[in-house]
Every structure is written in structure tokens, then in C-alpha cells.
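Engineer: Take a look at the following structure, please.
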Amino acid sequence: MSAQVFDPTSATIAVVTFNRSALLSRLLESVVRMDPKPGRVVIIDNASTDDTTAVVESFRDRLGTELVYRRLETNTGGSGGFSEGVRVAYELGSEWIWLMDDDVEVLPDGLAKMGRWAPRFRSIQGRRYDYDGSEFYWQYRIAERMGIPIPFAPAGFGESGYKEMNSGCFEGMFIHRDIVARIGLPDPRFFIYWDDQLYGWLASRITTSVIVDEFVLRRTREIRQWDMGIRHMNASSDAYRYYIMRNRAHIKQYYRTKGVYNPVLFGLGTTLTFGKELIRLFLVERTVRGTSNLFRGLRDGRRIARDRTWRPMQPLVDQPAPL
1 MSAQVFDPTS ATIAVVTFNR SALLSRLLES VVRMDPKPGR VVIIDNASTD
51 DTTAVVESFR DRLGTELVYR RLETNTGGSG GFSEGVRVAY ELGSEWIWLM
101 DDDVEVLPDG LAKMGRWAPR FRSIQGRRYD YDGSEFYWQY RIAERMGIPI
151 PFAPAGFGES GYKEMNSGCF EGMFIHRDIV ARIGLPDPRF FIYWDDQLYG
201 WLASRITTSV IVDEFVLRRT REIRQWDMGI RHMNASSDAY RYYIMRNRAH
251 IKQYYRTKGV YNPVLFGLGT TLTFGKELIR LFLVERTVRG TSNLFRGLRD
301 GRRIARDRTW RPMQPLVDQP APL
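In terms of UniProt numbering, the sequence shown has 70 at position 70, counting the first letter as 1, and numbering is strictly consecutive.
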């Protein structure tokens, strides 16, 4: 690694929350225990109707770092929330932006662990523990032309302590402002789902993106799962099913602009995604209701794919500096 020293105060934790004040409180309690702490914490509230504002204010004097709170007028989904969180952190001058949902907590030395890799890489994903304390496996690579995660990419780490990735996850993405400047903000049009995978893929096209063998987060919300032995499949919702299929069209449009779109392989990826969601319905949620949302997502996605006015998110600088 280079001799550059990571400054924890150059990092901003950006959190998106919506009507989960108890979970948010637990996350903020974990920030209180952090050593070292980030320079600031940015909280984007997606128009919560519970006591989120009061909970945030109760931490202002004891968080131990600057607290920036933005309550949106409408619920823009996780995608809109993270887009706003990155925007706020970037405009505040943050060198590093650490993204996370409200249903995780940060391990006390989490930032120190991420900081060890900051001099070498500019798009970094740490590891996390699941709700039950087990090691969560995240699908860190995608089959690019199909636009889907590779579910059985090797889980082990070698002596290097990292693996290259071409995806991203907003539960812990640690990204440098120079990368944000070049790829722009996360795309709020996704609303939920695929947004972080696409953002990580864009980052990996201009820098070496890595997942590192460092446990830095812990999930604090239990999710119903189907245990497949070495992997798990989580339960979903009707909204997720809709956006899982609809947002394939946004990915298709990005692929077209980047010159990697292959209609046959991408179509195969869409078919496999549809089949996976059927399996999730039948084996995890044990119901046949919800398939209509998959078809509705496909239908609305076709309109997006045909939209000739569609444009990708734009870089934040006119002439990005070379990395």
C-alpha cells in the first residue's frame, strides 16, 4: 500500500431510513461506540411518519461527531435516499462516503478496518454479520452481459485479504469522492433494487473495486430465509418483485450507453431473474400470490426500454481528473 494515511474525519456515514426509528436508534448507538469516528453522519429520512425526527435529535449532542439530518418531502425509496445521501456528503466535501441502511450497526473498529484499505482502493466493500451472528455471503460479482449476480462466486479470501468485485451493495459501500465525481450520483429512478449493483458496476469500470475480508457491520433485523446449505434466499415483498423486474430496463439502458448490451444474454438474465423470484415465492414465502407484480414490472420495464429520451446519471465534474 502507499504511504498515504487515512484520516477518519474525512469519511461520512450516509444512512437512509424510513419509519424504522428503533432500528435507526440502534445504528446511531453503534456510532456512539465507534473508535475512531467519522467526520460526520448524514441521515436521509424518506418522509417517515413515526418518531424518526425526535430520535435523530436525541443523538445530536452525544453522537460525538457532526450530525446532518435531511427529511425528504416524499418517500423516494432507497434509491432516491442514497442518491440524496451521496449528494449531501459530496457537497459537504467528504473524501469518503460510507453508505448503509438503517437495519445495520457498525462494529466499533469498523472505520479503522475500512481505513486500512483506503490508501490502496477507492471502491471498497466490507463484510457483515447476519442477524444471527453468522457470516453473511454477499454476491460480489455479476455475470456482466446477463446483468445478474453470480450466486456461487468463491467465498474464500486468499493471502491478499481481498477479492475484486464488479458489483456494489449499499449496506456498506465505501466509495471515494473521485469515483462519485466520475460516475455521478446513484440513480433515483430505480426506487428500490438493482441500484447498488449497477452503481458498483459503474465504479468497477473506472477503478479496481474490492470486497475485503474485514467484518465491519452487523444486520439488526431478522429476515425470513430459505436455507440452501451454503447459501440463503431471503423473503421479499410485492414491491420488490415489481421493481426487480421493472428495473431490468434501466440496467438495459445503462448497458446500451456503455456498449455492453447483448440482447440474447441479457434476455437470458431476465428469464433467470423471473425464475428465481418464482422460487422465492414458492419456497421462501410459500405462496403463489405475487406473480402479477413480476408481470407488471416486465410490462412497465418495456416502456422504459423504449424511451428514447432516457439518459444515464451524469458525472459531477466536466473533466474528471485521471485516477
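Every residue, glycine too, gets a C-beta built ideally from N, C-alpha and C.
Tell me whether ASP35 sits in a helix, a strand or coil according to DSSP, three-state version.
Structural biologist: ASP35: coil per DSSP, three-state reduction.
Engineer: According to DSSP, is ARG122 part of a helix, a strand, or is it coil?
Structural biologist: ARG122: coil per DSSP, three-state reduction.
Engineer: List the DSSP bridge partners of GLU66.
Structural biologist: DSSP lists ARG40 as partners of GLU66.
Engineer: Are any of the Cβ atoms in chain B nearer than 8 Å to that of LYS113?
Structural biologist: Among the chains in the structure shown there is no chain B, since it carries only a single protein chain.
Engineer: For GLY290 versus ALA249, is the C-beta spacing smaller than 8 Å?
Structural biologist: No, they are not a contact pair.
Engineer: For VAL216, which option in GLU95, GLU29, ARG20, VAL104 has the closest C-alpha, if you only look at C-alpha atoms?
Structural biologist: Comparing Cα positions, the closest option is VAL104.
Engineer: Nearest-angstrom Cα distance between PRO151 and GLU73?
Structural biologist: Cα to Cα, PRO151 sits roughly 37 Å from GLU73.
Engineer: DSSP on MET245, reduced to helix/strand/coil?
Structural biologist: Note: MET245 maps to helix in three-state DSSP.
Engineer: In whole angstroms, give me the CA-to-CA distance for ARG299 and LEU283.
Structural biologist: Using only the alpha carbons, I get a separation of about 25 Å.
Engineer: With DSSP as the reference, label MET100 as helix, strand or coil.
Structural biologist: Note: MET100 maps to strand in three-state DSSP.
Engineer: Between residue 324 and SER167, what straight-line distance do the alpha-carbon atoms span, to the nearest angstrom?
Structural biologist: The displayed coordinates of the chain run from 1 to 323. Any statement about residue 324 would go beyond what the structure contains.
Engineer: Looking at the secondary structure, which residues open and close the beta strand (DSSP E) in which PHE215 lies?
Structural biologist: PHE215 -> beta strand (DSSP E) spans 209-219.
Engineer: Which residue from TRP98, TYR240, ARG33 puts its Cα closest to that of GLY77?
Structural biologist: Considering only alpha carbons, the answer is TYR240.
Engineer: Determine the burial state of PHE266: buried for a count of at least 16 other Cβ atoms within 10 Å of its Cβ, exposed for fewer.
Structural biologist: That one is buried.
Engineer: For THR49, which residues in the same chain have their Cβ closer than 8 Å to its Cβ, ignoring the five residues on either side in sequence?
Structural biologist: The residues are ASN19.
Engineer: Out of GLU57, LEU23, TYR131, which one is the CA nearest neighbour of ARG71?
Structural biologist: Nearest of GLU57, LEU23, TYR131 to ARG71, Cα basis: GLU57.
Engineer: Under a Cβ-count criterion, where at least 16 other Cβ atoms within 10 Å of its own Cβ denotes burial, should GLN197 be classed as buried or exposed?
Structural biologist: Under this definition GLN197 is a buried residue.
Engineer: For GLY80, which residues in the same chain have their Cβ closer than 6 Å to its Cβ, ignoring the five residues on either side in sequence?
Structural biologist: Result list for GLY80: PRO188, in chain order.
Engineer: Taking the beta carbon of GLU159 as the centre, do at least 16 other beta carbons fall within 10 Å, making it buried, or is it exposed?
Structural biologist: Flag for GLU159 reads exposed.
Engineer: Could you check whether GLY297 and ARG256 sit closer than 8 Å to each other, using their CB atoms as the reference points?
Structural biologist: Taking 8 Å as the Cβ cut-off, ARG256 and GLY297 do not qualify as a contacting pair.
Engineer: Determine the closest residue to VAL264 out of ARG221, GLY115, MET146, GLY275, with distance taken between C-alpha atoms.
Structural biologist: Among ARG221, GLY115, MET146, GLY275, the Cα nearest to that of VAL264 is on MET146.
Engineer: Helix or strand or just coil, what does DSSP make of PRO151?
Structural biologist: Three-state result, PRO151: coil.
Engineer: Report the option in GLU144, TYR137, PHE6 whose CA atom is closest to the CA atom of PRO154.
Structural biologist: Answer by Cα proximity: TYR137.
Engineer: Measuring only the C-alpha atoms, how far is ARG62 from HIS176?
Structural biologist: Using only the alpha carbons, I get a separation of about 27 Å.
Engineer: Candidates GLY126, ALA47, GLN253, PHE59: which alpha carbon is nearest GLU171's?
Structural biologist: The candidate whose alpha carbon is nearest that of GLU171 is GLY126.
Engineer: What residues are listed by DSSP as bridge partners for LYS163?
Structural biologist: Per DSSP, ILE211.
Engineer: What is the residue span of the beta strand (DSSP E) that VAL15 lies within?
Structural biologist: Run containing VAL15: 11-17, per the beta strand (DSSP E) assignment.
Engineer: Span of the beta strand (DSSP E) holding MET173?
Structural biologist: Where MET173 is concerned, the enclosing beta strand (DSSP E) stretches over 173-176.
Engineer: By Cβ distance, which residues of its chain are closer than 8 Å to GLN139, with the 5 residues on each side in sequence left out?
Structural biologist: So the qualifying residues of the chain are PRO149, ILE150, PRO151, ALA153, SER167.
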